[in-house]
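Engineer: Here it is, the structure in full.
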Amino acid sequence: MDLGISGKSALVCASSKGLGRGCAEALAAEGVNLTLNARGADALEATATHIRDTYGVQVSTVACDVTTADGQARVLDAAGAIDILVTNAGGPPPGLWSDWNRDDFIAALDANMLTPIALMKASLPGMMDRGWGRVVNITSQSVKAPIPQLGLSNAARTGLTGYVAGTARQVAQKGVTINNLLPGIHATDRAVALDTGVTQAQGITMDEARAQREATIPARRYGTAAEFGAACAFLCSQHAGFIVGQNILADGGATNATI
Ligand code: NAP
Numbered sequence: 000m001d002l003g004i005s006g007k008s009a010l011v012c013a014s015s016k017g018l019g020r021g022c023a024e025a026l027a028a029e030g031v032n033l034t035l036n037a038r039g040a041d042a043l044e045a046t047a048t049h050i051r052d053t054y055g056v057q058v059s060t061v062a063c064d065v066t067t068a069d070g071q072a073r074v075l076d077a078a079g080a081i082d083i084l085v086t087n088a089g090g091p092p093p094g095l096w097s098d099w100n101r102d103d104f105i106a107a108l109d110a111n112m113l114t115p116i117a118l119m120k121a122s123l124p125g126m127m128d129r130g131w132g133r134v135v136n137i138t139s140q141s142v143k144a145p146i147p148q149l150g151l152s153n154a155a156r157t158g159l160t161g162y163v164a165g166t167a168r169q170v171a172q173k174g175v176t177i178n179n180l181l182p183g184i185h186a187t188d189r190a191v192a193l194d195t196g197v198t199q200a201q202g203i204t205m206d207e208a209r210a211q212r213e214a215t216i217p218a219r220r221y222g223t224a225a226e227f228g229a230a231c232a233f234l235c236s237q238h239a240g241f242i243v244g245q246n247i248l249a250d251g252g253a254t255n256a257t258i
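Per numbering that gives the first Met the number 0, residue 0 is the first one in the sequence shown, and the count goes up by one each step.
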């Protein structure tokens with residue numbers, strides 16, 4: 000299927016690895032020119048080179064922390080007039096509900112709620128003026144079903160979800176859609192970090208930790224960044240213009256809910 004977005008431009012945040020990279024590659028495969036971002040310059044440049052060489056699109060890079068005001072200004076300045084915005088950042092650390100203090104919550108809110116909101120506030124007016132735009136926020140299955148050890152993520156991402164629910168319905172008349180894509184467990188560095196936490200907490204091996212988590216997924220495997228990116232690219236396509244303000248799970252069926 001031709002997604003109809005060749006020649007458009009996208010800012011994909013936190014995209015040197017993992018799910019953000021999956022989204023960047025899927026958009027590049029459709030001919031979308033990219034601005035990529037991550038804190039570490041080496042992995043970022045390696046990803047940019049791979050995407051340029053593989054897909055022949057223009058790729059610029061901004062090595063910075065996108066959860067800071069300075070980082071947001073830098074990525075927005077480099078990206079210019081974008082058609083597509085994919086927001087993403089690292090997830091908050093795991094812990095118990097009683098662990099976190101005010102500073103921990105502020106950091107999680109900054110990274111996983113206020114950063115995507117700031118990027119949307121900056122990008123939406125131009126998209127609306129031009130009569131076309133797509134925003135996909137990478138959130139988490141924790142929005143639909145809380146993950147006990149990820150209380151910071153549960154809280155911050157649900158706040159973003161509420162903001163998107165109202166905002167998406169105010170910008171849709173201008174040809175701009177905003178949707179959230181909710182990953183379940185995917186085989187990325189983040190999953191390795193969480194599996195490592197399980198090995199330490201339970202005294203089991205990585206293989207055992209992974210098998211234990213795979214058993215909780217009806218698909219009985221972790222998702223891939225490529226699958227996640229393909230779903231993101233579809234939401235950014237011409238064909239997805241009537242999908243507005245939705246929260247779409249990519250979790251192998253792990254969230255046990257009818258709707
Ligand atoms: P990942 O494999 O660890 O990749 C994270 C990417 O984001 C890297 O490119 C990293 O590069 C970049 N990054 C992290 N913090 C950043 C920041 N402050 N500013 C700019 N770039 C930053 O993670 P992932 O698995 O793709 O996860 C992406 C998001 O989905 C996270 O919020 C995660 O919590 C959420 N999620 C993931 C899963 C899963 O199973 N993988 C499930 C549910 C939710 P640098 O480190 O160089 O900055």
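Glycine included, C-beta positions come from ideal geometry on N, C-alpha and C.
Over the uninterrupted beta strand (DSSP E) stretch that includes Ser8, give me the two end residues.
Structural biologist: First-last of the beta strand (DSSP E) with Ser8: 8-11.
Engineer: If we count Cβ pairs, one from each stretch, closer than 8 Å, do we get three or more for the stretch 112-119 versus the stretch 31-42?
Structural biologist: Touching, no, given that fewer than three Cβ pairs across the two stretches are closer than 8 Å.
Engineer: Measure how close the beta-carbons of Leu249 and Gly183 come, nearest whole angstrom, since I'm counting them as under 8 Å.
Structural biologist: Here residue 249 turns out to be Ala, not Leu, going by the sequence shown. Their Cβ separation, rounded to whole angstroms, is 7 Å, which keeps Ala249 and Gly183 in contact under 8 Å.
Engineer: Examine ligand 1 and report whether any of its heavy atoms sits within less than 7 Å of the Cβ of Gln140.
Structural biologist: Yes - ligand 1 has a heavy atom lying nearer than 7 Å to the Cβ of Gln140.
Engineer: Could you give the DSSP three-state label for Ser141: helix, strand or coil?
Structural biologist: Three-state result, Ser141: helix.
Engineer: Tell me whether Ala80 counts as near ligand 1, meaning its Cβ is closer than 7 Å to at least one heavy atom of that ligand.
Structural biologist: Incorrect: Ala80 has no Cβ contact closer than 7 Å to ligand 1.
Engineer: Say whether the stretch 87-94 touches the stretch 41-60, bearing in mind that this needs 3 or more beta-carbon pairs closer than 8 Å, one atom from each stretch.
Structural biologist: No, the stretch 87-94 is not in contact with the stretch 41-60.
Engineer: Please look up how many angstroms separate the CB atoms of Ala232 and Leu26, rounded, as I've assumed it's under 8 Å.
Structural biologist: Yes, they are in contact, since the Cβ atoms of Ala232 and Leu26 sit about 5 Å apart, within 8 Å.
Engineer: CB Ser14 to CB Ile81, shorter than 8 Å?
Structural biologist: Cβ distance not < 8 Å, so Ser14 and Ile81 don't count as in contact.
Engineer: Roughly how many whole angstroms lie between the Cα atoms of Leu18 and Thr223?
Structural biologist: Their backbone Cα atoms lie some 8 Å apart in a straight line.
Engineer: Please indicate yes or no: does the CB of Asp188 lie closer than 7 Å to some heavy atom of ligand 3?
Structural biologist: Ligands displayed in this structure: ligand 1; ligand 3 is not among them.
Engineer: With a cut-off of 8 Å, do at least 3 Cβ pairs link the stretch 162-178 to the stretch 203-219?
Structural biologist: Taking 8 Å as the limit for Cβ pairs, the verdict is that the stretch 203-219 does not touch the stretch 162-178.
Engineer: In angstroms, rounded to a whole number, what distance separates the CA positions of Ile4 and Asp102?
Structural biologist: Each residue's alpha carbon lies about 41 Å from the other.
Engineer: Quick check on Ile137: buried or exposed, where buried means 16 or more other Cβ atoms within 10 Å of its Cβ?
Structural biologist: Classification of Ile137: buried, given that the 10 Å Cβ count is 16 or more.
Engineer: Check Glu219 in the structure and name its three-state DSSP category.
Structural biologist: For the sequence presented, residue 219 should be read as Arg rather than Glu. Note: Arg219 maps to coil in three-state DSSP.
Engineer: Among residues of its own chain, excluding the 5 on either side of Ile247, which ones have a beta-carbon nearer than 6 Å to its beta-carbon?
Structural biologist: The answer, listed in chain order, is Leu180.
Engineer: Near Lys16, which residues of its chain fall below 8 Å by C-beta distance, leaving aside the five closest residues on each side in sequence?
Structural biologist: Answer for Lys16: Ala37, Ala42, Thr46, Thr187, Asp188, listed in chain order.
Engineer: Of all the options Asn153, Ile83, Arg220, which has the alpha carbon lying nearest to the alpha carbon of Pro124?
Structural biologist: Residue Ile83 is the option with its Cα nearest to Pro124.
Engineer: Of the choices Ala62, Val175, Thr60, whose alpha-carbon is the least far from that of Asp128?
Structural biologist: Cα-wise, what sits closest to Asp128 is Val175.
Engineer: Who does Pro182 pair with in a DSSP beta bridge?
Structural biologist: Pro182 pairs with Ala249.
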